[in-house]
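Q: The structure is given below, and queries will be raised subsequently.
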Amino acid sequence: MPRTERKIYYGWWVVLSSAIVLFVGLGFGLYTFPVFYPALIESFGWSRGEVVTGGALLMVILGIMSPFTGMTIDRYGAKRIVMFGVVTVGAALLLFTLVNSLWQFYAACFLLGLGLCGVSHMPNQVLIANWFVQKRGLAVGLISAGVGLGGAVGPLLVTSLIDHYGWRAGFAGMGVAVWAIPLALAAWVIKSHPQEMGLLPDGATIPSQPKEMHLHHRPQWVSTTFGRAVRTGDFWILFSAIFLISAMMYTISQHLVVHLRDKGFPSTQAAGALSIILGMSSAGKLLFGLLSDRFDKRNVMLITFILLAGSSLALLMPPRLSVIYTFALIFGLGYGGIFSCMPVVTAEYFGLGALGKILGLVFLSFNLGGSLWPIAAGYLFDAVGNYDVVFALNPLMGFIAAGLLLFLSHPRSVDQSIEGEGAVEFSNVGR
Numbered sequence: 564m565p566r567t568e569r570k571i572y573y574g575w576w577v578v579l580s581s582a583i584v585l586f587v588g589l590g591f592g593l594y595t596f597p598v599f600y601p602a603l604i605e606s607f608g609w610s611r612g613e614v615v616t617g618g619a620l621l622m623v624i625l626g627i628m629s630p631f632t633g634m635t636i637d638r639y640g641a642k643r644i645v646m647f648g649v650v651t652v653g654a655a656l657l658l659f660t661l662v663n664s665l666w667q668f669y670a671a672c673f674l675l676g677l678g679l680c681g682v683s684h685m686p687n688q689v690l691i692a693n694w695f696v697q698k699r700g701l702a703v704g705l706i707s708a709g710v711g712l713g714g715a716v717g718p719l720l721v722t723s724l725i726d727h728y729g730w731r732a733g734f735a736g737m738g739v740a741v742w743a744i745p746l747a748l749a750a751w752v753i754k755s756h757p758q759e760m761g762l763l764p765d766g767a768t769i770p771s772q773p774k775e776m777h778l779h780h781r782p783q784w785v786s787t788t789f790g791r792a793v794r795t796g797d798f799w800i801l802f803s804a805i806f807l808i809s810a811m812m813y814t815i816s817q818h819l820v821v822h823l824r825d826k827g828f829p830s831t832q833a834a835g836a837l838s839i840i841l842g843m844s845s846a847g848k849l850l851f852g853l854l855s856d857r858f859d860k861r862n863v864m865l866i867t868f869i870l871l872a873g874s875s876l877a878l879l880m881p882p883r884l885s886v887i888y889t890f891a892l893i894f895g896l897g898y899g900g901i902f903s904c905m906p907v908v909t910a911e912y913f914g915l916g917a918l919g920k921i922l923g924l925v926f927l928s929f930n931l932g933g934s935l936w937p938i939a940a941g942y943l944f945d946a947v948g949n950y951d952v953v954f955a956l957n958p959l960m961g962f963i964a965a966g967l968l969l970f971l972s973h974p975r976s977v978d979q980s981i982e983g984e985g986a987v988e989f990s991n992v993g994r
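Have a look at this one:
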């Protein structure tokens, strides 16, 4: 029976729950990880390349598993994937407290990477895409802001734990935090689709004659299929641009703390720069989520690419704290905006019918770029003793990625169907 008496659309409770899951699971589980690097290098004598490879392994697993995760979401719903992710991330973080060798470290990273598949942006963004159409950009921006807030708070809290109690206590604290609240929200609040609550996207109620209305409201063509999407030029342009921008932004986020420590900055200031990036990313996610609801989504994404590429030029300057923090403010805006733009641009171009699978490939590109170049950067540092080449190539990659976006065509016209779990249906899709 339709629940028309609700004053607050249930989708907003899903948004709040998803934001908390991302705040703890991804904000702590992934983006706080680099603050452990100096302590691990000091404790075990591992090289920078060896330690960063562990962090990059998280992105490799996320990337390789993204298509499978997308297919699983399309078949079973996002709720189950999120629950799996919360349980596994908590277990993996606690497992790090037992690490005494490099292979154990990599094994724990592998398990953490599997868990992050469930608490990452993709399942939560697909979840929110099912609940919202008209306010999708805002809703995605809100949940993505949870990651930025977690990433802003996490490095400072965990750095304090490490400084006072050691790195094992830092991992233990994060593991307990992941299990404390997100598991209950994933189990009892999050729903995969609005139809489970007798609703349609954006809070519309299901009409009494849905089949009859559908017959009068069916467009000629439906959302792009997975097979059709991957045969379009637009898909591969987006795939390539995302790979390049992710490579440069994650190389910076993975290496920034150890780079600043090399330059003589204390641990609190180095972690503070990372916290500023991730804190400003929350503002970027909200800002660009709102902008994507009002302006051309491709152009909004283009702005985020330019912010990332342009601000990264600051790392070629002499390292002063004022320069680093100014860079972090601007870079953080673009960093956050990417996560609001990726799902809405993908949905705008290809619809919701196979969004899980299509977005899975987009995130495959994102995570592979965000893992391969950071690994290479670590070993380049071990070979030459500095980041000069890496930091010179980063802005170049960012500007090339921005240029690729200019070759995307304009998305086709959209019609809203009441069938297919709120799927967006497209007229004249394909190229």
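Count along the sequence shown from 1, add 563, and you get the number used in the working numbering. The beta-carbon is built from N, C-alpha and C at its ideal position, and this holds for glycine as well. As the structure is a computational prediction, the values presented were derived from the model and not from experiment.
Would DSSP call Leu-763 helix, strand or coil?
A: Coil at Leu-763, not helix or strand.
Q: Pick from Phe-695, Leu-971, Asn-930: whose alpha carbon is nearest that of Ala-810?
A: Nearest C-alpha to Ala-810: Asn-930.
Q: Please return the same chain residues whose Cβ sits closer than 6 Å to the Cβ of Ile-571, not counting the five positions on each side in sequence.
A: Answer for Ile-571: no residue qualifies.
Q: Skipping 5 residues on each side, what residues in its chain have a beta carbon closer than 8 Å to that of Leu-865?
A: Counting only Cβ-Cβ distances below 8 Å, and skipping sequence neighbours, we find Ala-965, Leu-968, Leu-969.
Q: Do Ser-875 and Phe-944 have their C-beta atoms closer together than 9 Å?
A: No, they are not a contact pair.
Q: Using the C-alpha atoms, what's the distance from Ile-583 back to Phe-828?
A: Taking the straight line joining both Cα atoms gives about 32 Å.
Q: Compare the C-alpha of Gly-738 against each of Ile-706, Gly-678, Val-703, Phe-695 and name the closest.
A: With distances taken between Cα atoms, Gly-738 lies closest to Gly-678.
Q: Give the range of the alpha helix (DSSP H) segment to which Asp-825 is assigned.
A: Residues 796-825.
Q: Quick check for students: name the residue ranges of the alpha helix (DSSP H) that lie wholly in the region 641-673, counting only runs of 4 or more.
A: Counting whole runs of 4 or more residues, the region 641-673 contains the alpha helix (DSSP H) stretches 641-658.
Q: Between the Cα of Met-995 and those of Ile-800, Ser-830, Gly-766, spot the shortest distance and give me the residue it belongs to.
A: For the chain, the structure presents residues 564 to 994; residue 995 sits outside this window and is missing.
Q: Closer than 8 Å is the cut-off here; do at least three beta carbon pairs connect the region 619-635 with the region 678-691?
A: Short answer: they touch.
Q: With DSSP run on the structure shown, which of helix, strand or coil describes Thr-722?
A: Helix, per DSSP.
Q: Hey, Val-577 and Lys-754: beta-carbon distance below 9 Å or not?
A: Yes.
Q: Can you have a look at Phe-631 and say buried or exposed, based on whether 16 or more other CB atoms are within 10 angstroms of its CB?
A: With fewer than 16 other Cβ atoms within 10 Å, it is exposed.
Q: Does the pairing of the region 635-651 with the region 934-944 give three or more beta-carbon distances under 8 Å?
A: They do not touch, by the three-pair rule.
Q: Quick check on the burial criterion: 16 or more other C-beta atoms within 10 angstroms. Buried or exposed for Gln-1010?
A: Since the first residue shown for the chain is 564 and the last is 994, residue 1010 is missing from the structure and cannot be characterised.
Q: Measure from the alpha carbon of Ile-815 to the alpha carbon of each residue in Ser-803, Val-907, Trp-742, Leu-837, then state which is nearest.
A: Among Ser-803, Val-907, Trp-742, Leu-837, the Cα nearest to that of Ile-815 belongs to Leu-837.
Q: Identify which residue in His-727, Pro-757, Ile-893 has its Cα closest to the Cα of Leu-690.
A: The residue with the shortest Cα to Cα distance from Leu-690 is Pro-757.
Q: By Cβ distance, which residues of its chain are closer than 7 Å to Ser-581, with the 5 residues on each side in sequence left out?
A: So the list reads Asn-687, Leu-690, Ile-691, Ile-706, Ile-753, once near-sequence residues are dropped.
Q: Using alpha carbons as the reference points, say which of Gly-709, Phe-599, Leu-746, Val-886 lies closest to Gly-842.
A: For the residues Gly-709, Phe-599, Leu-746, Val-886, the minimum Cα distance to Gly-842 belongs to Gly-709.
Q: Could you tell me the distance, in whole angstroms, from the CA atom of Gly-933 to the CA atom of Leu-674?
A: Distance between the alpha carbons of Gly-933 and Leu-674: 18 Å.
Q: What first and last residue would you give for the alpha helix (DSSP H) that runs through Ser-755?
A: Looking at the DSSP string, Ser-755 is not in any alpha helix (DSSP H), and its letter there is neither H nor E.
Q: Quick check on Thr-788: does DSSP put it in helix, strand or coil?
A: Note: Thr-788 maps to coil in three-state DSSP.
Q: Please return the same chain residues whose Cβ sits closer than 6 Å to the Cβ of His-780, not counting the five positions on each side in sequence.
A: Residue placement at His-780 is flagged as unreliable, the pLDDT there being 41, under the threshold of 50; a coordinate-derived value is accordingly withheld.
Q: Could you tell me whether the region 596-611 touches the region 876-895, using the rule of 3 or more Cβ pairs below 8 Å?
A: Contact between the region 596-611 and the region 876-895 is absent, because fewer than three Cβ pairs lie under 8 Å.
Q: Could you check the C-alpha separation between Phe-591 and Gly-676 for me, to the nearest Å?
A: Roughly 13 Å between the two C-alpha positions.
Q: Taking the alpha carbon of Gly-713 as the point to measure from, which residue in Leu-870, Gly-700, Ala-740, Ala-735 has its own alpha carbon closest?
A: Comparing Cα positions, the closest option is Ala-740.
Q: Given a cut-off of 9 Å on the beta-carbon distance, is the pair Val-721 and Gly-736 in contact?
A: Taking 9 Å as the Cβ cut-off, Val-721 and Gly-736 qualify as a contacting pair.
Q: Can you tell me whether Thr-632 is helix, strand or coil according to DSSP?
A: Here Thr-632 sits in helix by DSSP.
Q: Report the rounded CA-to-CA distance for Ala-792 versus Phe-913, giving the unit in angstroms.
A: Whole-angstrom Cα-Cα distance: 7 Å.
Q: Distance check for Ser-855 and Ser-976, CA to CA, integer angstroms please.
A: Below a pLDDT of 50, predicted positions are generally treated as unreliable, and Ser-976, at 45, falls in that range; the measurement from the model is reported next regardless. Whole-angstrom Cα-Cα distance: 16 Å.
Q: Which of the three DSSP states, helix, strand or coil, is assigned to Asp-978?
A: Bear in mind that a pLDDT of 42 at Asp-978, under 50, signals an unreliable position, so the number given afterwards is only what the model happens to contain. Strand.
Q: Quick one, are the C-beta atoms of Ser-972 and Phe-806 less than 9 Å apart?
A: Result no, Cβ atoms of Ser-972 and Phe-806 do not sit closer than 9 Å.
Q: Taking Lys-860 and Val-908 to be in contact with their CB atoms under 8 Å, please state how far apart those CB atoms are, rounded to whole angstroms.
A: Confirmed, Cβ separation roughly 5 Å.
Q: For Asn-693, count the other beta carbons within 10 Å of its own beta carbon; 16 or more makes it buried, fewer makes it exposed. Which is it?
A: With 16 or more other Cβ atoms within 10 Å, it is buried.
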